[in-house]
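Below is one structure; the comments refer to it alone.
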Amino acid sequence: MRFRDLIRLSLDSAVRARMRSVMLLLAMSIGVAAVIALTSLGEGARRYVADEFQALGTRMVIVIPGRSETGGVSPGMLAGETPRDLTLGDALAVQRLPGVERVAPVVVGSAPASVGSLEREAPVMGSSADLQPVHGFKLARGSFLPPGDLTRDTAVAVIGSNIARELFPGREAIGGNLRIGDRRFRVIGVLADQGRMIGMDSQELIIVPVSAAQALFNTESLFRMLIQAHTRDDMTRVRNATIEAIKLRHQGEEDVTVITQDALLSTFDRIFTALTLTLGGIASISLAVAGVLIMNVMLVSVSQRTSEVGLLKAIGATRAQITALFLTEAILLSVAGAITGLFVGFGVDWIVGNIYPSLPLSPPTWAVVLAIVVAILSGVVFGLMPARRAARLDPVAALAGRR
Amino acid sequence: MIDLRNICRHFQMGDQQVRALDDVNVHIETGEYVSIMGPSGSGKSTLLNVLGLLDRPTAGTYLLDGRETTSLDDEELAHTRAGKIGFIFQSFHLIPRLTAFENVELPLVIAGVAPEERRPRVQQLLASLSLESRSKHRPNELSGGQRQRVAIARAMVMQPAVLLADEPTGNLDHVSGAEVLAAIEGLNAKGITLLVVTHDAEVAQRARRHIRMRDGRVVEDAP
Ligand SMILES: Nc1ncnc2c1ncn2[C@@H]1O[C@H](COP(=O)(O)OP(=O)(O)OP(=O)(O)O)[C@@H](O)[C@H]1O
Ligand SMILES: [Mg+2]
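Just so you know, the sequences run in chain order Y and U. So for the first sequence, the numbering used here puts the first residue at 372; every next one is plus one. So for the second sequence, the numbering used here puts the first residue at 784; every next one is plus one.
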């Protein structure tokens, strides 16, 4: 039998049994579309987070007080010691380490902010001029915190756009006086709207010099220390040197956690890749279900066409040819289903992408390949059994319509 | 060309053995026209199935063109059927979703004959059976006689040496039956070996040799 005739005959049979074929097409395309759409979602989330991190600027090393890494119960903690605080002195020591370009100490808290009779609660971040390049803050207008001695307590503030709008309605915030807690600050800059930046909404934020924040919240300790290394290659060296330097200052106790941005990013990357794989795996189950459906429908088809198989045998068709006819039909249906599913899946991505432009969806290549391969494979695997059953029919019984 | 020696075909039904063919010896030369008659259940169809290589005998030897067939495997049997044997059934066995043309073409398709070569052969056959105007019709749009003539065309398209017809007129009225018989007798006149199983004495009478069966045995074999 010629290949073109094989395709034509199988296609003909599939097209004639319209209900059956539409059902199979539907099942297979739902499976493929599910794989595409769900893995797109996982991949989209991964890229969204990766982009967020990228926006922070690369080369970032983060120091967090306390040993919170896995297995992080230090002997000191068992002895009832609390981890030592991270201080401005630590930040200054780290600043002198080789490979370190900038250090931004961070203190965070929440305080009432008021201008005249207008008052609201706002998150306050104490830091230094270095925070801007390290963290990637952009200004809408005015200037950021001035560089200089970290311990000097200048009464200036940079505020988010919502704060500016609410506390200085209808007038320019820059140059205005702002009361935070019981201290007065002069507004010198307004942040650009950058959306959320790792848990901080830049529109709602107030940034003041670190020592002002320490005084405000009456604390010596830092919430975080953000270090920017000179180059990407310096990051590991900076990380190790930072641990050593702080350990030295903390009486030999390694009581901080130091994460590189890369490590953080790759952790997120792993989590989201696992998520995508899981979603893809769950969606693939529907492909297997579609495969089982193919098998059942083809079995029914074989029993409906028993006498046709007998006739084919009588006019000289071999077992291999009959197997090929039924198998080709199953494969054609699953390929058609896979293609339909691709269109539906990408269609869903396109629609979601239009509704949420910040979450551009596109499936990872492996998922597309996997979906198509699994779809076709299930056509082959689940089509083979019915096809072979047809091929093995006894011609005399088959002609009589018996099985 | 056909040589059956001590052919038996037994079916095991529970603990009972049905002897559908019981020690059948038949010799048929090329170009003969043979009718096979006998009461229902006497083994006529079974004999035709064995002759057509659709069924394997339980015992005995079957030489087709001098070649022993009982030892052939499935694939060789299929090829032999394709090349040497044409079948006509009482119930036509046309594929309903294919047109008359496509039904006739099917054996050529299976044999892998090129489309350019298929077309003239099929068209010529349809014309010789007065079916040229029906070639694009599906079986459900044809009369019984037309369907059987399509089936004859399909049986002939591979130019077989033997035509086996199991009650070819069984489902047809008198006129259509006569047309169908005329068609296959025309083929016999051109040299094909023709075996017709029938219940109709009038039909059987037209053959030149008459085989009568009872209980799986040939009880009469006369011109
Ligand atoms: N697959 C089978 N299993 C069991 N018994 C069978 C089978 N096929 C045929 N037989 C038996 O073999 C015998 C011969 O059957 P066959 O069909 O050859 O008869 P027939 O002469 O063609 O009858 P009819 O004129 O009714 O068509 C019958 O008794 C039948 O019941
Ligand atoms: Mg019969």
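Heads up, the beta-carbon is just placed ideally off N, CA and C, and yes, glycines get one too.
- Inter-segment contact for the region 583-597 of chain Y and the region 476-489 of chain Y is present: three or more beta-carbon pairs are separated by less than 8 Å.
- Residues of chain Y whose Cβ lies closer than 9 Å to the Cβ of L925/U do not exist; the shortest such Cβ separation is about 17 Å.
- The alpha carbon of D553/Y has as its nearest neighbour, out of M571/Y, V529/Y, A583/Y, F539/Y, the alpha carbon of A583/Y.
- Within the region 586-641 of chain Y, the complete alpha helix (DSSP H) segments of 4 residues or longer fall at 606-620, listed in chain order.
- Not a single C-beta of chain Y is nearer than 8 Å to the C-beta of R902/U.
- For V527/Y against R557/Y, the beta-carbon gap comes to about 5 Å, under 8 Å, which counts as contact.
- For M784/U, the distance from the CB to the nearest heavy atom of ligand 1 is not below 7 Å.
- Shown in chain order are the residues whose CB sits closer than 7 Å to a heavy atom of ligand 2: K827/U, S828/U, D949/U, E950/U, V980/U.
- Boundaries of the alpha helix (DSSP H) harbouring I893/U: 883-893, taken from the DSSP string.
- For M796/U, the Cβ falls inside the 7 Å cut-off from some heavy atom of ligand 1.
- Considering only beta carbons, the part of the region 687-699 of chain Y lying closer than 7 Å to chain U consists of G687, A688, T689, R690, Q692, in chain order.
- When DSSP states are grouped into helix, strand and coil, F515/Y belongs to the coil group.
- Within the chosen limit of 7 Å, ligand 1 does not reach the beta carbon of G402/Y with any heavy atom.
- Runs of the alpha helix (DSSP H) lying entirely within the region 799-874 of chain U and spanning at least 4 residues, in chain order: 827-834, 857-867.
- When C-alpha distances from D983/U are compared across R850/U, E950/U, N789/U, the shortest belongs to E950/U.
- Assigned with DSSP and collapsed to three states, I577/Y falls in strand.
- At least one C-beta of chain Y is nearer than 8 Å to the C-beta of G895/U.
- Nearest to G531/Y by alpha-carbon distance, out of A511/Y, L521/Y, D524/Y, is A511/Y.
- If you look at Q795/U, you'll find it in the beta strand (DSSP E) that goes 785-796.
- Per the Cβ contact rule, the region 812-832 of chain U is in contact with the region 995-1003 of chain U (3 or more Cβ pairs under 8 Å).
- Annotation for S823/U indicates a beta carbon within 7 Å of some heavy atom of ligand 1.
- By the 16-neighbour rule on beta-carbons within 10 angstroms, T410/Y is buried.
- In chain order, M372, R373, D376, L380 make up the part of chain Y whose C-beta sits under 8 Å from the C-beta of V892/U.
- Pairing A861/U with G681/Y gives a Cβ-Cβ distance that is not under 8 Å.
- Of the heavy atoms belonging to ligand 1, at least one sits nearer than 7 Å to the Cβ of V801/U.
- Between V495/Y and V579/Y, the C-beta spacing is below 8 Å.
- Within the model, the alpha-carbon separation for G546/Y versus Q574/Y is close to 19 Å.
- Inclusion of V581/Y and G497/Y in the CB contact set at 8 Å is warranted, their separation being smaller than that value.
- Taking 7 Å as the cut-off, the C-beta of A842/U does not count as close to any heavy atom of ligand 1.
- Proximity of E899/U to chain Y, defined by a Cβ-Cβ separation below 8 Å, is not satisfied.
- Of the candidates P728/Y, D376/Y, A761/Y, the residue whose Cα lies closest to the Cα of V671/Y is A761/Y.
- Taken atom to atom, the span from the alpha-carbon of L947/U to that of G869/U is near 6 Å.
- Using a CB distance below 8 Å, the part of the region 832-843 of chain U facing chain Y consists of N832, G835, L837, D838, ordered along the chain.
- Annotation: Cβ neighbours of V767/Y in chain U (cutoff 9 Å, chain order): S828, T829, N832, L837, D838.
- Chain Y has no Cβ within less than 8 Å of the Cβ of F884/U.
- Rounded to whole angstroms, S918/U and P898/U show a C-alpha spacing of 16 Å.
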